[in-house]
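Here's the structure, in structure tokens; my notes come after.
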Amino acid sequence: MGHDPWSELRDRAEQELRAIESEHHFVTPGIVSDAPEDRGLFSLATHAWAKELHQSPAEIAVRIARRKVGPPFAALRPEGPYVNFQMEPGPFAQHVLASVRSMGEGYGKSPPRKEKILLEHTSANPTGPLHVGRARNPFLGDALVRLLRFAGFPVTSEYLVNDIGRQMVLLYWAVTHLPRKPDDPEERTEYRYVKLYQQASERLEKDETLKGEIEGLTQRFEGGDVRLTKDIRKVGEAILESILQTLRRVNVTFDSFFWESDAILDGSVQRVIDRLKPLSKEEDGARYIDLSAFGLEGDAAKYVFVRKDGTSLYTTRDIAYHLNKMARCDVAINIVGEDHKLTFQRLKAAFRLMGIDWAPETIFYAFVNLPEGRMSTRKGRVVH
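Start counting the sequence shown at 16; every next residue gets the next number (the numbering used here).
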């Protein structure tokens, strides 16, 4: 025997099948390999020969089962109209173990496949270091990347950098406007940034002037202001590097990064807006598409993609990003928390409305409920 015990076992079953055909002068429909575990790994159905042999399938099964078989099979056992291959588990187990020792980490690895997979995971916002609330995602995602590669698939692991939105603008404003305390050489940059971010967040709740300033910066940012985008990205890059540094310590890495701001700068988001407008309705200056025909109700069915000030929403950029994914892979997989279930239900419905017969595969993981509520970097309620 070689190094693929399961295939070799099936080959031996096929050899016995050919011998049965030769002995009884008929052609079988082949091996059934989905027999119940308590009855055998492989089975032979006899229904097809009942008319030709003028016997019931059960009688034919008893007749065939009288044949003696060789290792790794112990016997043929009739079970109604089926003949089950009864295996000798001991010798086969020894062979499996020998194959594992011989092949090492290569044992069980599948040959290369052509279907390209793009798997996005982690994608924590670059507004603070990775905290324990987000820590499961990279382990789930990276494990699946490794398993799929072992199964022969060409897999690209990707990190979506959510660098668009008011949180990023507030972080940028905090870093560039608030006075800093003398740097502590032992304190990492991202932790200094987070302290400033938290101060700005508290101030934003009370300062109407600051609210207006942040709104103005957000409109410029989401409107494609190249200079502002570069400046905000520099702040995001510092935070992102700290996240990646943490992940590298547990051997989690990425093949590619997609910055959400790029979808604005390259016109992808605007193309989505132009594509959705003919399908949309207007309400108070904003535009939305109605997804009620796809099982969504109430506010969930109202998919707003342009604010009244003309800026895009996360929903719009999410469509642009997944259209980009669609062009780069055969299968897209997202690892996300269960709070994103409605998000992806709406995304799939929006695609269907747009006439797109494609959607990402989504794997959700459950949240852990804490007495104090959800973790929040902005509010300083986190464990890093």
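Backbone N, C-alpha and C define an ideal beta-carbon position, used for all residues, glycine too.
Everything numeric in this text was worked out from a predicted model, so none of it was measured.
For the alpha helix (DSSP H) holding E173, just list the boundary residues, first then last.
Segment V170 to V176 is the beta strand (DSSP E) holding E173; no alpha helix (DSSP H) there.
Kindly indicate which three-state DSSP category D305 falls into: helix, strand or coil?
Look at D305 here: in three-state DSSP terms it is strand.
Give the single residue among Q101, S307, N384 and G180 whose Cα lies nearest to the Cα of T142.
Ranking the options by Cα distance to T142, first place goes to G180.
Straight-line gap, E23 to P87 (C-alpha atoms, nearest Å):
Rounded to whole angstroms, E23 to P87 spans 10 Å at the Cα level.
How is the beta strand (DSSP E) around N339 delimited, first residue to last?
Careful: N339 lies outside any beta strand (DSSP E), inside the alpha helix (DSSP H) at Y329 to M341.
V147 burial status per 10 Å Cβ neighbour count (16 or more: buried)
Counting every other CB atom within 10 Å of its CB across the protein chains shown gives V147 a total below 16, marking it as exposed.
Do you know offhand how far G95's Cα is from Q101's?
Going from the Cα of G95 to the Cα of Q101 covers about 15 Å.
Which term fits D270, buried or exposed, when burial requires 16 or more other beta carbons within 10 angstroms of its beta carbon?
Exposed is the call here.
Would you tell me roughly how many angstroms separate the C-alpha atoms of Q213 and P386, rounded to the nearest one?
So the two alpha carbons sit approximately 22 Å from each other.
Quick check on R332: buried or exposed, where buried means 16 or more other Cβ atoms within 10 Å of its Cβ?
Sixteen is the threshold: when 16 or more other Cβ atoms of the shown chains lie within 10 Å of the Cβ of R332, as they do, the residue is buried.
Can you name the start and end residues of the beta strand (DSSP E) that G238 belongs to?
No residue range can be given for G238, since it is assigned to no beta strand (DSSP E) and is classified by DSSP as neither H nor E.
Quick one: what's got a C-beta closer than 6 Å to K124's C-beta in the same chain, skipping five residues either side?
Listed in chain order, the non-local C-beta contacts of K124 below 6 Å within the same chain comprise F165, local neighbours out to five positions each way being set aside.
Across which residues does DSSP place Q101 in a beta bridge pair?
For Q101, which the question treats as bridged, DSSP gives the partners A90.
Residue range of the alpha helix (DSSP H) that T191 falls in?
Element bounds for T191: R181 to H192.
May I have the straight-line CA-CA distance separating A76 from A108, to the nearest angstrom?
C-alpha separation (whole angstroms): 28 Å.
Are the region 356-368 and the region 288-308 touching by the rule of at least three beta carbon pairs closer than 8 Å?
A contact between stretches requires three or more CB pairs, one per stretch, nearer than 8 Å, and the region 356-368 meets this requirement with the region 288-308.
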